[in-house]
Amino acid sequence: MVFSIKDIFSLVSVLFLSASLTTSVSVQENFANCLSVNSNRSIPISTIYTNNSSSFTSILQSSAQNLRYLVPSVPKPEIIFTPLTEFHVQAAVICARKLGIHVRVRSGGHDYEGVSYVSEIESPFIILDLAKLRSISVDIKSSSAWVQAGATIGEVYYRIAEKSEVHGFPAGLCTTLGIGGHITGGAYGSMMRKFGLGADNVIDARIVDANGRILDRKAMGEDLFWAIRGGGGGSFGIILSWKIKLVHVPSTVTVFTVTRTLEQGATRLLYRWQQVADKLDENLFLRVVIQPINGSRIGKRTIATSYNALFLGSANGLLQVTKKSFPELNLTRKDCIETSWIKSVLYIAGFPSNTTPEVLLEAKPLYKEYFKAKSDFVQKPIPETVLEGLWKKFLKEDNPLTIWNPYGGMMSKISESATPFPHRKGTLFKIQYLTIWFDGDKKSQKHINWIRNMYKYMGPYVSSSPRAAYVNYRDLDLGMNKKNHTKINKAKIWGAKYFKDNFNRLVNVKTKVDPSNFFRHEQSIPPLSVKS
Numbered sequence: 001m002v003f004s005i006k007d008i009f010s011l012v013s014v015l016f017l018s019a020s021l022t023t024s025v026s027v028q029e030n031f032a033n034c035l036s037v038n039s040n041r042s043i044p045i046s047t048i049y050t051n052n053s054s055s056f057t058s059i060l061q062s063s064a065q066n067l068r069y070l071v072p073s074v075p076k077p078e079i080i081f082t083p084l085t086e087f088h089v090q091a092a093v094i095c096a097r098k099l100g101i102h103v104r105v106r107s108g109g110h111d112y113e114g115v116s117y118v119s120e121i122e123s124p125f126i127i128l129d130l131a132k133l134r135s136i137s138v139d140i141k142s143s144s145a146w147v148q149a150g151a152t153i154g155e156v157y158y159r160i161a162e163k164s165e166v167h168g169f170p171a172g173l174c175t176t177l178g179i180g181g182h183i184t185g186g187a188y189g190s191m192m193r194k195f196g197l198g199a200d201n202v203i204d205a206r207i208v209d210a211n212g213r214i215l216d217r218k219a220m221g222e223d224l225f226w227a228i229r230g231g232g233g234g235s236f237g238i239i240l241s242w243k244i245k246l247v248h249v250p251s252t253v254t255v256f257t258v259t260r261t262l263e264q265g266a267t268r269l270l271y272r273w274q275q276v277a278d279k280l281d282e283n284l285f286l287r288v289v290i291q292p293i294n295g296s297r298i299g300k301r302t303i304a305t306s307y308n309a310l311f312l313g314s315a316n317g318l319l320q321v322t323k324k325s326f327p328e329l330n331l332t333r334k335d336c337i338e339t340s341w342i343k344s345v346l347y348i349a350g351f352p353s354n355t356t357p358e359v360l361l362e363a364k365p366l367y368k369e370y371f372k373a374k375s376d377f378v379q380k381p382i383p384e385t386v387l388e389g390l391w392k393k394f395l396k397e398d399n400p401l402t403i404w405n406p407y408g409g410m411m412s413k414i415s416e417s418a419t420p421f422p423h424r425k426g427t428l429f430k431i432q433y434l435t436i437w438f439d440g441d442k443k444s445q446k447h448i449n450w451i452r453n454m455y456k457y458m459g460p461y462v463s464s465s466p467r468a469a470y471v472n473y474r475d476l477d478l479g480m481n482k483k484n485h486t487k488i489n490k491a492k493i494w495g496a497k498y499f500k501d502n503f504n505r506l507v508n509v510k511t512k513v514d515p516s517n518f519f520r521h522e523q524s525i526p527p528l529s530v531k532s
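Sequential numbering from 1 applies to the sequence shown in UniProt numbering.
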């Protein structure tokens, strides 16, 4: 019998598909069977979603924030497992290790490059989605709380405020962040200048390590406890819960947003902000949100700079601070809104003014978008002429956005090596750059090319040696691990940007606690050498 080229290709395609289906079925069956054997608690079938499950797509998409990583061409997991207990997580690690299955772990789905729910370097893979591990236990007497990894930061804020009007926690501005992953990257927020990062206010943790052991701070040791508080998610173990230290907040705080356009002197005002932002009263967090808007002339856009702030005190106290330290803003009493701390959370997160705090319990994001992001840290003011060049670039892009967050205060008092998060003394502010689009995957490359070009333009005016970046604004352009082959000198290129000299200590901790590199992804911390 003689086969044509077309026949051969058809036969190969059928055999390949058959092999793929067999692999998928065997992965799914073996993992499910192993879970039942290795868990001392029964595992409901409803916690395991295969790609044949009717709910598979909705579960996959449920908390994924970046739509770039949900398009059909992006690899999908064989299984999504949603554990109900710590022991389920423990069993999943034991089984994945035993069966040689690659694991990605998701708590809130906010990873900017989707590495918590997508593997583009290794397959097959499964997702451990911690969304059902979200209990929160607040103890006002000890000013602490235990919070499970799947809880959102908004839920944590709500449960604290439910118990006390004068307690809070210094973490993220976006209320749908999963606290498990959020703190592993540092966790900055609107009270960081007063109290430091979320990671600076963690006093204990429970994790599952690469050997499937459940460990608290005492059992894991201080090196591993240090590494998980800012060393990035997905490298050292699976966070089950954090014990956080609550901070005291006044019963009345003040918020405001003041916007200035180019026509209103925005460039000069922003230059002045750079000179004072890190030196302001540590009770004041004054960030700048910058984006193009429609101008007064039809068809012509301009740049708007919005000064968005939280002050831990009264409006009168705030006005005294701004009059003394930043009079150029021309802040008035009419601009100021006195409110409670929990309602300030809603304000800073961008909820409508009539929103009640109960919305935080819904744990639903305000929006999902296609986007690409980058970050920088700035150590000296960026000249006005450079800002003018940046505005020209912004006006050429559809939906660009940049957010400038002030440092100083407590952030300058904590050592660079206290946690893996090193961006402390000497940092004036952090820049987050984003480009957002809504036309699917069709024009992704156009927008990605724009932000890369803009990032290159800013290079001479930001931190250098290394050009620092924030790990929770993950950027795979900085470098990637390869499947089962990551050289330390290659990983150090991006590792030094995120962690500076702390990268070396992180590598040593990784080598000690996970020498086989079980927990890995495109930018996980590699061990010195992989041992099977």
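Where a beta carbon is used, it is the ideal one built from N, C-alpha and C, also for glycine.
If you're wondering where the values come from, they're calculated on a predicted model, not measured in any experiment.
State the start and end residues of the unbroken alpha helix (DSSP H) segment that holds residue 102.
Locating residue 102 in the sequence shown gives position 102, counting from the first residue. First-last for residue 102: 102–106, but that is the beta strand (DSSP E), not the alpha helix (DSSP H).
Any idea which residues DSSP pairs residue 144 with across the strands?
Taking the sequence shown and counting its residues from 1, the one referred to as residue 144 is at position 144. The partner list for residue 144 (beta bridge, DSSP) reads 139, 245.
Applying the 10 Å Cβ sphere with the 16-neighbour rule, what's the burial state of residue 182?
For the purposes of this step, residue 182 is taken as residue 182 along the sequence shown, with counting starting at 1. Label assigned to residue 182: buried.
Straight-line gap, residue 340 to residue 161 (C-alpha atoms, nearest Å)
Here the question's residue 340 lines up with position 340 in the sequence shown. Here the question's residue 161 lines up with position 161 in the sequence shown. Straight across, the Cα-Cα distance linking residue 340 with residue 161 is about 9 Å.
Quick one: grab the DSSP three-state call for residue 234.
By one-based count along the sequence shown, residue 234 stands at place 234. Residue 234: coil per DSSP, three-state reduction.
State the start and end residues of the unbroken alpha helix (DSSP H) segment that holds residue 87.
Here residue 87 refers to the residue found at position 87 of the sequence shown. Residue 87 -> alpha helix (DSSP H) spans 86–99.
How many Å lie between residue 526 and residue 115 at the Cα?
Numbered from its first residue, the sequence shown carries residue 526 at position 526. Numbered from its first residue, the sequence shown carries residue 115 at position 115. Computed Cα separation, rounded: 15 Å.
Cβ contact (3+ pairs, closer than 8 Å) linking the segment 278–294 and the segment 396–410:
yes
Taking the beta strand (DSSP E) that residue 254 falls in, what are its first and last residues?
To locate residue 254, count along the sequence shown from 1; it is residue 254. Element bounds for residue 254: 253–261.
Over the uninterrupted beta strand (DSSP E) stretch that includes residue 367, give me the two end residues.
Counting from 1 along the sequence shown, the entry for residue 367 is found at position 367. For residue 367, there is no enclosing beta strand (DSSP E), as DSSP marks it with neither H nor E.
Rounded to whole angstroms, what is the Cα-Cα separation between residue 263 and residue 298?
For the purposes of this step, residue 263 is taken as the residue at position 263 of the sequence shown. For the purposes of this step, residue 298 is taken as the residue at position 298 of the sequence shown. Answer to the nearest angstrom: the Cα atoms are 15 Å apart.
Helix, strand or coil: which one does DSSP assign to residue 208?
The count along the sequence shown starts at 1 and reaches residue 208 at position 208. In the structure shown, residue 208 falls within a strand segment according to DSSP collapsed to helix, strand and coil.
Quick check: what's the CA-CA separation for residue 309 versus residue 190?
On the sequence shown, position 309 is the one that residue 309 refers to. On the sequence shown, position 190 is the one that residue 190 refers to. Their backbone Cα atoms lie some 8 Å apart in a straight line.
Give the straight-line distance between the Cα atoms of residue 375 and residue 178, rounded to the nearest whole angstrom.
Counting from 1 along the sequence shown, the entry for residue 375 is found at position 375. Counting from 1 along the sequence shown, the entry for residue 178 is found at position 178. The straight-line gap from Cα to Cα measures roughly 21 Å.
Which same chain residues, not among the five before or five after residue 395, have their C-beta less than 6 Å away from its C-beta?
Indexing the sequence shown from 1 puts residue 395 at position 395. Only 292, 301 meet the Cβ criterion.
I think residue 92 touches residue 83, with their Cβ atoms under 8 Å apart; what is that distance to the nearest whole Å?
The sequence position of residue 92 within the sequence shown is 92, counting from 1. The sequence position of residue 83 within the sequence shown is 83, counting from 1. Residue 92 to residue 83, Cβ: 6 Å. Contact.
Taking the beta strand (DSSP E) that residue 301 falls in, what are its first and last residues?
Residue numbering aside, residue 301 sits at position 301 when the sequence shown is read from its first letter. Counting along the chain, the beta strand (DSSP E) containing residue 301 begins and ends at 301–311.
Rounded to the nearest angstrom, what separates residue 495 and residue 102 at their Cα positions?
Sequence index remark: in the sequence shown, residue 495 carries index 495 (1-based). Sequence index remark: in the sequence shown, residue 102 carries index 102 (1-based). Cα to Cα, residue 495 sits roughly 22 Å from residue 102.
Secondary structure of residue 517, DSSP reduced to three states
As a first step, residue 517 must be located in the sequence shown, where it is residue number 517. In this structure, residue 517 counts as coil in the three-state DSSP scheme.
Out of 158, 99, 59, which one is the CA nearest neighbour of residue 356?
In the sequence shown, the residue the question calls residue 356 occupies position 356. Residue 356 has its Cα closest to that of 158, out of 158, 99, 59.
Have a look at residue 118 and residue 498 and give me their C-alpha separation to the nearest angstrom.
Here residue 118 refers to the residue found at position 118 of the sequence shown. Here residue 498 refers to the residue found at position 498 of the sequence shown. Spanning the two alpha carbons is a distance of roughly 21 Å.
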